[in-house]
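Before any comments, here is the structure.
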Amino acid sequence: MSEKIAIVGSGLIGRSWAVLFARGGYRVVLYDVKEELMTQAMEVVQAQLHSLHESNLLLGRDPAECYTRVSTSTFLSSAVEGALLLQECVPEDVELKRKVFSELDTLVSDTTILSSSTSCIVPSKFTETLSHRSNCIVSHPVNPPHYCPAVEIIPAPWTTDLAKDKTISIMKQIGMKPVVAKKECDGFILNRLQYAVLQESWRLVEDGVCDPQDIDTVMTSGLGLRWSFIGPFQTIHLNAPEGVTDYAERYSDGIVRVSKQFGEPRHMTGETLEKVREYVEGEVPMDKHKENLQWRDGVLKQLAVFKQSI
Ligand code: NAD
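Printed below as a string of structure tokens:
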């Protein structure tokens, strides 16, 4: 019998995790405070397993067989009983995370890893007083996780190396690409990078340098094209004839000069927000939001297939 993973919270992210752990060969038990959401989650899991299989993204497994290993439980205690790892996916609210982790702490065995999907809350903020705190860790996925394999692993100061290494190994086994933070850092890695880009985009629009659509063009027809297969460091290494040292010698002064002008962070309000809203709602009308999400996921799926071939 395969080992068991418990998913606590069966919303958008919980469902995706269920697909990924089933793809990795695990038994998966989904739990949620709302029973109807678990029924919906099972339908989504089945559809996603078939969709991944059609695109050859199911690690060679049979979607029907994967699906037989996924079930639900209306009792948290039976959902987490005997689990190798539990993946918490409740809404992003530190008080709720504290409450859920405190309850889980009374139910899990001494070997279960308590892994949180939180996007931004460092694990020490909701695990400090737990008796199983040495098994607590954050595994932050990128949405949609079944097409974006990066996952940020953030140990708390008291997380053991054993728990960290086990989490990394499980993530690799299910086809994810773990990135391990060496210490806690507000915003983790992904969101710090994302916020830096968002803040500068905001400033450029607010200060009248360009329109919101220009930012998207620069990304989708410029920087983003490269970044989907090489990151910023490999990019600069290839952008100078003698590599990264050459790049640093040529461009570092300019980068420092421009970076000094970034200034204080801006709140996303007022006229700039109105300008951005007008632009995005023109491109992606709210009544077509669902269709556009499906389109985005479809394109990401094709990109995942392409990236598998390079
Ligand atoms: P969601 O609202 O879609 O799902 C949350 C689920 O948790 C709901 O089904 C809700 O009924 C359930 N829930 C609420 N209280 C609960 C409790 N006490 N016990 C069990 N279940 C409970 O939220 P989501 O988008 O899936 O986000 C979940 C977590 O994943 C958050 O921490 C979020 O920051 C993180 N995350 C989200 C994204 C994203 O893009 N949505 C990406 C990465 C990480």
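Each number in this note's numbering corresponds to the 1-based position in the sequence shown with 2 added.
For glycine and all other residues, C-beta sits at the position ideal for the given N, C-alpha and C.
Looking only at DSSP bridge pairs, what is residue i linked to?
i: Thr-74; result: Leu-32
i: Lys-179; result: Ala-152
i: Gln-89; result: Ile-9 and Ser-117
i: Cys-138; result: Leu-116
i: Leu-157; result: Checking the sequence, you will find Pro at residue 157 rather than Leu. DSSP, once it has assigned bridges, lists Ile-139 as partnering Pro-157.
Would the beta-carbon of residue i fall within 8 Å of that of residue j?
i: Thr-114; j: Leu-98; result: no
i: Ser-12; j: Ala-49; result: no
i: Ser-117; j: Ser-141; result: yes
i: Ile-238; j: Val-246; result: yes
i: Leu-178; j: Val-153; result: It is Met, not Leu, that sits at residue 178 in the sequence shown. Contact: yes.
i: Cys-91; j: Ile-176; result: no
i: Thr-271; j: Trp-204; result: no
i: Arg-29; j: Ser-53; result: no
i: Ile-155; j: Pro-180; result: yes
i: Thr-76; j: Glu-37; result: yes
i: Val-102; j: Ala-20; result: no
i: Leu-132; j: Asp-95; result: no
i: Val-307; j: Asn-58; result: yes
i: Leu-78; j: Glu-56; result: no
i: Phe-231; j: Lys-309; result: yes
i: Arg-228; j: Ala-242; result: no
i: Pro-157; j: Lys-166; result: yes
i: Val-286; j: Asn-294; result: yes
Which same chain residues end up closer than 7 Å to residue i when comparing Cβ atoms and leaving out the 5 residues on each side of it in sequence?
i: Asp-299; result: Pro-146 and Tyr-149
i: Asn-193; result: Ser-121 and Cys-122
i: Ile-312; result: Phe-231
i: Pro-151; result: Gly-177, Met-178 and Lys-179
Report all residues from its chain with a CB closer than 8 Å to the CB of residue i; omit the five preceding and five following residues, and keep chain order.
i: Pro-267; result: Gln-201
i: Tyr-197; result: Gly-189
i: Lys-174; result: Pro-180
i: Lys-303; result: Ser-53, Ser-57, Leu-59 and Tyr-149
i: Lys-184; result: none
i: His-313; result: No information on residue 313 is available, as it lies outside the stretch 3 to 312 that the chain covers here.
i: Leu-305; result: Tyr-149 and Ser-230
i: Lys-6; result: Tyr-28, Arg-29, Val-30, Val-31, Gly-84, Ala-85 and Leu-86
Whose C-beta lies closer than 6 Å to the C-beta of residue i among residues of the same chain, with five residues either side of it excluded?
i: Thr-74; result: Leu-32 and Met-40
i: Arg-100; result: Phe-128
i: Val-46; result: Arg-17
i: Leu-225; result: none
Is the Cβ of residue i closer than 8 Å to any Cβ of chain D?
i: Ile-191; result: The structure shown contains no chain D, having only a single protein chain.
- Examine the Cβ distances between the segment 145 to 162 and the segment 5 to 24 and report whether three or more of them are shorter than 8 Å. yes
- Task: Inspect the CB distances between the segment 148 to 167 and the segment 129 to 139 and report whether three or more fall short of 8 Å.
- Result: yes
- Item | the segment 207 to 219 / the segment 271 to 280 touching (three or more Cβ pairs under 8 Å) | yes
- Query: With a cut-off of 8 Å, do at least 3 Cβ pairs link the segment 70 to 86 to the segment 105 to 114?
  - Reply: yes
- Query: Are three or more beta carbon pairs between the segment 47 to 64 and the segment 23 to 31 nearer than 8 Å?
  - Reply: yes
- Message: Counting beta carbon pairs with one atom in the segment 177 to 190 and one in the segment 120 to 132, are three or more of them shorter than 8 Å?
- Response: yes
- Item | Segments assigned beta strand (DSSP E), at least 3 residues, entirely inside the segment 229 to 279 | none
- 4 or more residues per run - each alpha helix (DSSP H) lying fully within the segment 159 to 228: 163 to 175, 192 to 208 and 214 to 220
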